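Colleague:
There are 4 protein chains.
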Amino acid sequence: MPTPWPRFNLAAGPVEVTERTLREQGRPILYHYDPAFIEFFERTSGLLQQVFRTNYDVVIMQGEAILGLEAAAASLISPGDKVLNLVSGVFGKWFQDFISAYGGETVELAVPYNEAIDPDDVRRILSQQPDIGFLSVVHSETPSGTHNPVREIGRIAKEFDVITMVDTVSGLGGEFLSPEDWGLDVAVAGPQKCLGGVPGLSLISISPDAWRAMEQRKPKPLRGSFLSILDWKSTWLDAKRFPYTPSISDIYALESVLNQALEMGMERFVKRHQAVARACRAGVLALGLDLWPAREEIAASCVTAVTMPPGLTDAAIRDTMRNRYGVMISPGYGDLNGKLFRLGHMGPAQAHPTILAAQLAMLERSLADIGQPVELGAGVGAALATLTDWDDAADFARRGSLKE
Amino acid sequence: MPTPWPRFNLAAGPVEVTERTLREQGRPILYHYDPAFIEFFERTSGLLQQVFRTNYDVVIMQGEAILGLEAAAASLISPGDKVLNLVSGVFGKWFQDFISAYGGETVELAVPYNEAIDPDDVRRILSQQPDIGFLSVVHSETPSGTHNPVREIGRIAKEFDVITMVDTVSGLGGEFLSPEDWGLDVAVAGPQKCLGGVPGLSLISISPDAWRAMEQRKPKPLRGSFLSILDWKSTWLDAKRFPYTPSISDIYALESVLNQALEMGMERFVKRHQAVARACRAGVLALGLDLWPAREEIAASCVTAVTMPPGLTDAAIRDTMRNRYGVMISPGYGDLNGKLFRLGHMGPAQAHPTILAAQLAMLERSLADIGQPVELGAGVGAALATLTDWDDAADFARRGSLKE
Amino acid sequence: MPTPWPRFNLAAGPVEVTERTLREQGRPILYHYDPAFIEFFERTSGLLQQVFRTNYDVVIMQGEAILGLEAAAASLISPGDKVLNLVSGVFGKWFQDFISAYGGETVELAVPYNEAIDPDDVRRILSQQPDIGFLSVVHSETPSGTHNPVREIGRIAKEFDVITMVDTVSGLGGEFLSPEDWGLDVAVAGPQKCLGGVPGLSLISISPDAWRAMEQRKPKPLRGSFLSILDWKSTWLDAKRFPYTPSISDIYALESVLNQALEMGMERFVKRHQAVARACRAGVLALGLDLWPAREEIAASCVTAVTMPPGLTDAAIRDTMRNRYGVMISPGYGDLNGKLFRLGHMGPAQAHPTILAAQLAMLERSLADIGQPVELGAGVGAALATLTDWDDAADFARRGSLKE
Amino acid sequence: MPTPWPRFNLAAGPVEVTERTLREQGRPILYHYDPAFIEFFERTSGLLQQVFRTNYDVVIMQGEAILGLEAAAASLISPGDKVLNLVSGVFGKWFQDFISAYGGETVELAVPYNEAIDPDDVRRILSQQPDIGFLSVVHSETPSGTHNPVREIGRIAKEFDVITMVDTVSGLGGEFLSPEDWGLDVAVAGPQKCLGGVPGLSLISISPDAWRAMEQRKPKPLRGSFLSILDWKSTWLDAKRFPYTPSISDIYALESVLNQALEMGMERFVKRHQAVARACRAGVLALGLDLWPAREEIAASCVTAVTMPPGLTDAAIRDTMRNRYGVMISPGYGDLNGKLFRLGHMGPAQAHPTILAAQLAMLERSLADIGQPVELGAGVGAALATLTDWDDAADFARRGSLKE
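Chains as they are written, first to last, in the numbering used here: chain A, 13 to 416; chain B, 13 to 416; chain C, 13 to 416; chain D, 13 to 416.
#1: Which full runs of the alpha helix (DSSP H) of 4+ residues lie inside the region 240-287 of chain D, going along the chain?
#2: What separation, rounded to the nearest whole angstrom, lies between the Cα atoms of C:Phe107 and B:Ala222?
#3: What residue range does the beta strand (DSSP E) around C:Ile72 cover?
#4: Return no unless some Cβ of chain C is closer than 8 Å to the Cβ of B:Ser342.
#5: Does any C-beta atom of chain A lie closer than 8 Å to the C-beta of C:Glu416?
#6: I'd like to know whether the C-beta of D:Gly38 is nearer than 8 Å to at least one C-beta of chain B.
#7: What residue does the alpha helix (DSSP H) around A:Ala328 start on, and which one ends it?
#8: Put A:Met320 into one of helix, strand or coil per three-state DSSP.
#9: Look at D:Glu416 and D:Arg32 and say whether their C-beta atoms are less than 8 Å apart.
#10: Could you give the first and the last residue of the continuous beta strand (DSSP E) run that contains A:Ser182?
#11: Name the residues in the region 108-127 of chain D whose C-beta lies less than 7 Å from a C-beta of chain A; which are they?
#12: Using a C-beta cutoff of 8 Å, does C:Arg35 count as contacting chain A?
#13: Does the beta-carbon distance from A:Val70 to A:Phe64 come in below 8 Å?
#14: Quick one: residues in its chain with C-beta nearer than 6 Å to the C-beta of C:Arg284, no 5 flanking neighbours on either side, listed in chain order?
#15: A:Ser348 and A:Ser156 look like a contact to me (Cβ under 8 Å); what is the Cβ gap, rounded to whole Å?
#16: Going by beta carbon distance, what residues of the same chain come within less than 7 Å of B:Tyr345, once the five residues before and after it are set aside?
#17: Once the 5 residues before and after A:Val392 are set aside, which same chain residues still bring their CB inside 6 Å of it?
#18: Please determine, among C:Leu81, C:Ala298, C:Gln74, the residue with the shortest C-alpha to C-alpha distance to C:Leu396.
#19: Measuring straight from C-alpha to C-alpha, what distance separates A:Val134 and A:Val178?
#20: Touch check for the region 80-88 of chain D and the region 325-333 of chain D: three-plus C-beta pairs under 8 Å?
#21: When you compare only the Cα positions, how much space is there between B:Tyr125 and D:Ile263?
#22: At which residues does the beta strand (DSSP E) containing A:Ile218 begin and terminate?
#23: When burial is assigned at 16 or more other CB atoms within 10 Å of the CB, is A:Lys105 buried or exposed?
#24: Take every Cβ of the region 230-245 of chain A, pair it with every Cβ of the region 49-65 of chain D, and state whether three or more of those distances are shorter than 8 Å.
#25: How long is the line joining the alpha carbons of B:Leu239 and B:Arg224, rounded to whole angstroms?
#26: Can you tell which of A:Gly186, A:Trp194, A:Asp193 has its C-alpha closest to the C-alpha of A:Ala201?
#27: Could you tell me which of B:Lys351, B:Pro365, B:Ser246, B:Gly277 sits nearest to B:Ala289, measuring between CA atoms?
#28: Helix, strand or coil for A:Pro231 per DSSP?
#29: Look at B:Cys314 and B:Ser182 and say whether their C-beta atoms are less than 8 Å apart.
#30: Would you list, in chain order, the members of the region 318-352 of chain A that have their beta-carbon closer than 7 Å to a beta-carbon of chain B?
#31: Please go through the region 126-159 of chain B and give each complete alpha helix (DSSP H) segment of 4 or more residues, from N-terminal end onward.
#32: What would DSSP say about D:Ile168, mapped onto helix, strand or coil?
#33: Taking a cut of 9 Å between CB atoms, which residues from the region 254-273 of chain B lie near chain D?
#34: Spell out a yes or no on whether the region 349-362 of chain B and the region 190-210 of chain B are touching, meaning 3 or more CB-CB pairs, one atom from each, closer than 8 Å.
#35: State the Cα-Cα distance for the pair C:Asp404 and D:Leu270, rounded to the nearest angstrom.
#36: Mind reading off the beta-carbon distance from D:Leu96 to D:Ile137? Whole number of angstroms is fine, and I expect it under 8 Å.
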């Protein structure tokens, strides 16, 4: 007997997308060298620059964001390069594997997985080890529900002429970002998180310094590979050709979500995520649950990580929400499995009071179902109390865009 | 500047439909005499019989449910016929216009618009006036959020050989219905209410007595008109022809929603509506608001009508919900405008705890926004407290059908 | 075993619609009194005026075009009114039933069903019978594949102060039309023919004279009925209300096809239909088949009616095309059944050389399959020979709209 | 001014997909660890085995087919390994770059790009060079419109215990394939060619010998990379986990096209491609054009490559078809640019007489437009003449699946 599909996918990504995105994704498939597709891809790239708020080149690699992260390591790191890898969670830790795989030497700066990196520590290490050439950092640690101060870290790195690789997969759209101003050389995002798109692409902004570093990679630049970012420079950026067949319908969906974000404006777009995340935390706390992040200031916009209550299991909470009420949320990931669960509020379809209320209400109902003491309505009420200046009409003043 | 589209259409119908319905509605357009369409229409008719739980003929007229209602009057009533019209709301009252337009003489049995018809009164009148040939009744009075005891009324009418015309436009799927067993001769439903479909069709079940009455209409049976139900008998039922071009994509959508209802099973389908309506009423009461229906027993499953709080206006409440939070609910209709507002919970996409929680939460937030004293979370909490035996997994055991 | 769906629906309507239409039809369902829907309906009405090329009021009735035709008769004709009914085919003949049903007296001017009305005959009759108050005419007789000189007829009627009712169901978009200039008082079109939309609506343009005539109908104006056009005046036109629930998704589809037509421009839109029809006739003739219309000048743009070759049956030709090649075309209709078959080329998705070539080729292949002598390729070749100035790039200069 | 989208994308892939595929691709986005998605992915994998007609493991890598090809090289080849690379076209030649990049030593067996590999030559070389461990071959050389005798080649390789890597990107669905029987160890296909799906995935069947070879790769097996096939073994195949986020909507589309192929049956599916390709070649020859492949026996099913007529340019032919008639075909690729153009007939939406007729007709019309002597209709006629036993009804006997 097949498992029923959920009512709401409120997991840590991929998340549900808007009706408009599904519809615009469904355009007929163009040949990638059709002039209409070339124009479409070019327009999409321009929209992506606006969403990144950058004038840097952007590259849309045709695989889920981990491709962009591995490609950054593979394209930049030469054997023996020293890379300062900042670790505040599962994804930060994992990046070390890419560093090693491509011959780099990792210098690790780690904090507990419910904490964020302190920029002063970055400065200290870079001062002490001037041969560090690269720095890798996760902007938004989805597994921990935390974010790192990428602005400060990037600026410090620039002082030391260090090339930065930023995993902002779940950051773009949920946190502010400014590649030039913040000194971020390679920033890798995914469409399926806060942008609310479909998975299958890596969205990368690349500074001139990063291009230069890729060209200088030893023993030779990485070319002729699915992992090569340079291939996209010599084909798409320089000649409007493709290194291989792009994922046509994923590009349709990407254009759609970029338009939706820009119609709202990136500032409003990010602030909506932040406001909903804040409300979610208020709701969680009102239910007597503990937030996983050590402090609210470092809590991410994309998901709210909740410490697993003593005596409860992932299955008890999550399966009840999923089976009885059709609401899918995420468990702890990797080393964090069993220690926390995560409430998602990403993307224009979900970073909204209605969906948050639905989610918190089903959490309350589920906790009660499994015998937890819970004052029904308390979480929703506390969340609502924080949402005093929400205003769809103002946010969508430019266009009623998510469904139309 | 265009008005942004709402996040949730929780009005009194048409309501939002499931993703599956939208998708299956979008099949390519067939010629109506294509053999594949003939089969499709036949299959859909068979599904409709199952949803009506009847072996009577069913006719799918190609216009919104009011067409079916007018068609029933036009096809059945001969000049001078006496029709007992039961009035417990705006729609019941309006039916009198159709009776008059087609030459009937109305005998009215009316109750206040927050009340339901008492079957004993029906029996009394039919006893007193044996020349009454027809009875018209509204099963679910959407404007009042009430329902009438159609089962008892229909059975009484049968005792007196009276032909019944039942407006179950918002009843089918939300309330139980059993044409043969309850003595309902012509029952007119709409796909866009509790079935969760798109508007544009009238769904009609017709007893042999009703067919006979149509054939005996004076001065002659109604044929050759968009209003003729008999046309559908002589074309579709008897010869698999169409009296005119059917609305192809509306039929696609209808087949989809009928399948979705039957995959859940009509009993579960109706009970879900009833459970959500009950929870909604609990939430409304917990917020210190008054229900419009005189008693909970007569409250409808499709919408919850809430008495307008003293000093508040429709605009204050509804516009806040719509503009600030993107939630569309319905005002009072016709004579009831300004006296109540209505929270919708119709159709498989909306008769669900998640959506109810979202709706009540936004009502709470909106009341607070306009300065009403409200304990945030209280409504949602009271609603959740009633939903102790919800179980999506059990309800969708046969197929996870709404999104897939 | 279910019948496979066809590859191409090239019938006499409803026809296949563009990918864009299917997609835009699939927007989420709005409540009809949602401000976003009110705006949408208003914008759609404005687009419809542009497509009709009129400043007259337009009304979108919520049922297939036959509703509009019956509504015109029902709303205009008072008992005893004399109506000159022009008959050049099945649909013209049928209109007489509506005239009779609503108490009118028919004066018939008929020609054989492969001919067109001669305006001089109209003038003669109107001169002879000055008490004729109304004239009804079919612009494009889909069953015969012919069109009538509505421009001349309308102007003559105006000279005699006669109110005209024009069935342009399959005319709008395929033939030119100009209500004011041509003296057309009530013109009824359908979206599912040359506009390439989905069936379920009547598109009506109404002159001030026609409104006046409806108000003066005896014994009283028709109001409070699904057949009433006046209801739309007092609700929608005057108060932005609806007489009943409109067919939301049909309106979405209508807006889409109106936009597509206007993006091309009505002049180009019509000329494309005419060019493809001309090419189709050349192809048919080159295959040694006979056109049904007596002369090419009166052949319609929407379908090409082909005289059934001696010794062949509808089933032989059409079933072969449908079963073996998945191409659905239309038989003769009503009295014309068995006498002709019809090749459709309606709507932006089908009025195109590619589809015409596919259709003619499958006709050729099917004729050969059933043993007819046919020079394979001859029909396609002859059709291609006429298409010397086709230019998609020019036609879509404003927007590549059908798929995007 | 934006370029209008084409009417028909008849290029060398990605190709247009069926309406059903577009619709089923548009399901709401599931979280990849939702139990419903796990089931969906598992079901899809099972369907893929049936389409490959294999019991070998299948892996669905989440990037366009070139990812699978590079992954095969990266996962199998150890430094110093000798690889016999069979070159009969652009794609075969390119594979050498992957061999080199991953440290292999290429032994090349090349034929002109309009020819196919002779299995006897393979046997000879493998006999002469027993240290050859791997063999790479392109099944269907899309740029040349040719196919290689993979059955014979694979069996010979097995005799010599050579591991085969087969690029059947445009082969699967258009040519027969039988991994076990033919001795194909790693076969890489793409959904966007003959299967008629959307690009973005690599479909790979893997023999036990291939798994073993990957485990034995030196200096160590390739793991922890987007290029690693083994990662999919340890995650998906062994533990129903994912190495990273799969491309949800691409998987939806894949499941749809696999179902569509299997509903027809793979034998019929392939034979349809072959029949249309044969008809296309007849049409081309009848127009006085030359086929690029040296012999018809080696012509591919996916595209028909046509030698560029003397004095004509790609732009003259292709731009006319695209701009004037909205038909997109493909140019020569890589070294073959300017030497040929390609008519596509891939996938269930396009491997059909209707589309072939449309394509050939527009080619004829375009040739005439640019002043080439051409007998209009001759190509279509010759193509039709070959299609004597086409039968949609028989092919779709199990289900009318492409549109419904």
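Backbone N, C-alpha and C fix where the C-beta goes; we use that ideal spot for every residue, glycine too.
What you are looking at is a predicted structure, and each value in this text was computed from that prediction instead of being measured.
Modeller: Judging by the given coordinates:
#1: 260-276
#2: 29 Å
#3: 69-73
#4: yes
#5: yes
#6: yes
#7: Premise fails: A:Ala328 is in no alpha helix (DSSP H) and is neither H nor E.
#8: coil
#9: yes
#10: Per DSSP, A:Ser182 belongs to no beta strand (DSSP E) and is neither H nor E.
#11: Asp109, Ala113
#12: yes
#13: yes
#14: Ala363
#15: Reading off the sequence shown, one finds Leu at residue 348 of chain A, where the question assumed Ser. Contact holds; Cβ gap of about 7 Å.
#16: Val102, Pro155
#17: Ala369, Leu372, Ala373
#18: C:Ala298
#19: 14 Å
#20: no
#21: 53 Å
#22: 214-218
#23: buried
#24: no
#25: 17 Å
#26: A:Gly186
#27: B:Pro365
#28: coil
#29: yes
#30: Asn335, Arg336, Tyr337, Gly338, Val339
#31: 131-140
#32: helix
#33: none
#34: yes
#35: 34 Å
#36: 6 Å
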